[in-house]
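Asks: Dropping a structure here in structure tokens format, bear with me for questions.
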Amino acid sequence: MTTETAAPAHLTGGPELPQERRLVTEIPGPRSRALHERRTAAVASGVGSVLPVYVAAAGGGVVIDVDGNSLIDLASGIAVTSVGNSAPEVVRRVSDQVAAFTHTCFMVAPYEGYVEVCEALARLTPGDHAKKTALFNSGAEAVENAVKIARAHTGRGAVVVFDHAYHGRTNLTMAMTAKNTPYKDGFGPFAGEVYRAPMSYPFREPVQITGAEAAARAIDVIEKQVGAGNIACVVIEPVLGEGGFVVPAEGFLPAVAQWCTDNGVVFVADEIQSGMCRTGAWFACDHEGVVPDLVTVAKGMAGGLPLAGVVGRAEIMDAPQAGGLGGTYGGNPVACAAALGAIATMEDLDLPAAARRIEQTMFTRLGALAEKAPAIGEVRGRGAMIAIELVKPGTIEPDAALTGKISAACHQAGVLTLTCGTYGNILRFLPSLVMPDHLLDEALDVIEEVVLGLV
Ligand code: PLZ
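In this note's numbering, the protein residues as written are 628 to 1082.
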């Protein structure tokens, strides 16, 4: 590394970092630009970055870059650092675990941390039935395994997913993901036996229908085009993530879940983005009292370390033969220690309540902004998973160009935002649940100024 591109002296992250927005160079600054040049030569260009600002430290509600800029973080590494970056309890437990042992492979010589994470997930996920869990490395891997488990349990092959769904980038989960570009284009052929049903997307319904009616529409497609008796599982995000933070109409999820129960189909809630306190409840299904057969979890559960799981009814989870599930690193001891630290933090600080407070602030501020900016077609979401959908004023025609401009201008002003949605016209906000109030307010000031300057 040359001195020119060297990062500043090591910074300690976590909540003790100054909780402020501070720009000391242009964005990206010279050190980031130099790193980006090295990256462009060394890293495959298929791997993108939202903002080529290279990170030196992060914590609370900020990301500090290698040029010393402090950005307000409304991304949380795509809904991962819900307890904040380098959260103290995560750092403590991970440090202890790293010093004790880093890996033995749970399939070779097991350890308590894995068991403890499974016990915690059984306690926290919806429903009080007997549950079991298997741990993996990534969200996509959890979804793949939920399908394997559902097939083993039912002896059936078909998988039903929904419009706008995102379930991952592996071969099966690409097939389950709806959006072609960038996730699927040129990467086929895809896994077979994946069928897509219409989602409840209230803002885009030509005529408003109830959740029950939207469920009946989906069930009709499923019954006519697939047949209940062929279906192993229905997999659904209870609040769409990459698809646009869509909250289905009330009654939709319970009706789909009930149809699954009535037809011996495994109902899988993909709570990889919406779970672990993000929506103001431990799981998004809790808002409507829906009890899934299986739940996939990842992202927020481990404070930034790679860990994922499938949690569900013991009799379904036990269907695969012994040795049928696993992987070298699944439930790695360091990742499990991080998860136990993250879960302890969520419980100690009551982070579901923190997410509900964030929701209130965001709805109030963004609702007022929408009154002044007709390009904001809708403000929606749950908890600390809130988005605005941008349209040509007076229509529901998506405005992806405006969305991109707003997000880029937020970045220039020191607020890290993300976009999403099938049409690329949704600006989404995923603050950490320990984001200080003054920083959230300041981020909303910036968003307001940027939006009003561009519409
Ligand atoms: N299911 C609901 O949100 C991951 C992916 C971003 P992995 N979402 C962010 C990107 O462009 O790759 C996600 C999700 C839901 C599954 C996944 C997949 O989780 O940990 O990224 O594999």
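A virtual CB, placed ideally from N, CA and C, is assigned to each residue, including glycine.
1. Using the beta-carbon of each residue, find all residues closer than 6 Å to any heavy atom of ligand 1 and list them in chain order.
2. Quick one, are the C-beta atoms of V1078 and L996 less than 9 Å apart?
3. Does the distance from the C-beta atom of V883 to that of A842 stay below 9 Å?
4. Can you give me the start and stop residues for the alpha helix (DSSP H) that M989 sits inside?
5. Between the region 800-819 and the region 982-1000, can you find at least three pairs of beta-carbon atoms closer than 8 Å?
6. If you draw a straight line from the alpha carbon of G776 to that of F763, how long is it in whole angstroms?
7. In whole angstroms, what is the alpha-carbon distance linking E986 and R1009?
8. Check whether the region 715-726 touches the region 645-665, taking contact to mean three or more Cβ pairs, one atom from each stretch, closer than 8 Å.
9. Considering just the uninterrupted stretch of the beta strand (DSSP E) at V918, what are its terminal residues?
10. With the cut-off set at 9 Å, would you say G930 and A969 are in Cβ contact?
11. For the 8 Å Cβ check, are there 3 or more pairs between the region 777-794 and the region 817-825?
12. May I ask which residues mark the beginning and end of the beta strand (DSSP E) holding L1017?
13. Please classify S659: is it buried, with 16 or more other beta-carbons within 10 angstroms of its beta-carbon, or exposed?
14. Identify, in the order they occur along the chain, each residue of the same chain with its Cβ nearer than 6 Å to the Cβ of A773, setting aside the five sequence neighbours on each side.
15. Answer with buried or exposed for H780, where buried requires no fewer than 16 other C-beta atoms within 10 angstroms of its C-beta.
16. Helix, strand or coil for T760 per DSSP?
17. Would the beta-carbon of D897 fall within 9 Å of that of P753?
18. D700 by DSSP, collapsed to three states: which one?
19. Based on Cα-Cα distance, which residue from L1067, G1031, W909 lies nearest to G973?
20. Using only alpha-carbon positions, find the residue among V770, I1013, V707 that is nearest to M903.
21. Quick one: is D897 near chain D, going by C-beta distance under 9 Å?
22. Any contact between the region 1017-1026 and the region 1039-1059? By contact I mean 3 or more CB pairs, one from each, below 8 Å.
23. With a cut-off of 8 Å, do at least 3 Cβ pairs link the region 674-690 to the region 1035-1051?
24. In chain order, what residues of the same chain have a beta carbon less than 6 Å from the beta carbon of A714, not counting five sequence neighbours either side?
25. I'd like to confirm the pairing. Which residues does DSSP put opposite V862 in its beta bridges?
26. Report yes if the C-beta distance between A749 and T731 is below 9 Å; otherwise report no.
27. Work out the CA separation of R666 and S672 for me, nearest whole Å.
Replies: In terms of the structure at hand:
1. These are the residues, in chain order, with a beta carbon less than 6 Å from any non-hydrogen atom of ligand 1: I705, S765, G766, A767, V770, Y793, H794, G795, R796, E864, G868, E869, D897, I899, Q900, A925.
2. Yes, the Cβ-Cβ distance between V1078 and L996 is below 9 Å.
3. Cβ distance < 9 Å, so V883 and A842 count as in contact.
4. Note, M989: alpha helix (DSSP H), 978-999.
5. No, because fewer than three Cβ pairs between the region 982-1000 and the region 800-819 fall closer than 8 Å, the two stretches do not touch.
6. The residue asked about is misnamed: residue 776 is Ile in this sequence, not Gly. If you take the alpha carbons of I776 and F763, they lie about 14 Å apart.
7. Separation of E986 and R1009 (C-alpha to C-alpha, rounded to the nearest whole angstrom) is 6 Å.
8. The region 715-726, when compared against the region 645-665, does not touch it at the 8 Å Cβ threshold.
9. Note, V918: premise wrong, no beta strand (DSSP E); not H, not E.
10. G930 places its beta carbon less than 9 Å from that of A969.
11. The region 777-794, when compared against the region 817-825, does touch it at the 8 Å Cβ threshold.
12. Under the DSSP assignment, L1017 falls in the beta strand (DSSP E) whose first and last residues are 1012-1017.
13. Buried.
14. Taken in chain order, the residues that qualify are V895, L921, T923, V937.
15. Burial call: buried.
16. Annotated three-state conformation of T760 is strand, per DSSP.
17. Cβ distance not < 9 Å, so D897 and P753 don't count as in contact.
18. Under the three-state reduction of DSSP, D700 is assigned to strand.
19. Before going further, note that residue 973 is Met rather than Gly in the sequence given. Among L1067, G1031, W909, the Cα nearest to that of M973 is on W909.
20. With distances taken between Cα atoms, M903 lies closest to V707.
21. Checking the listed chains, one finds no chain D in this structure; it contains a single protein chain.
22. Three or more beta-carbon pairs drawn from the region 1017-1026 and the region 1039-1059 are found closer than 8 Å, and the two stretches are therefore classed as touching.
23. The region 674-690, when compared against the region 1035-1051, does touch it at the 8 Å Cβ threshold.
24. So the list reads G930, T972, once near-sequence residues are dropped.
25. Under DSSP, V862 forms a beta bridge with V895.
26. Contact flag unset, no.
27. About 9 Å.
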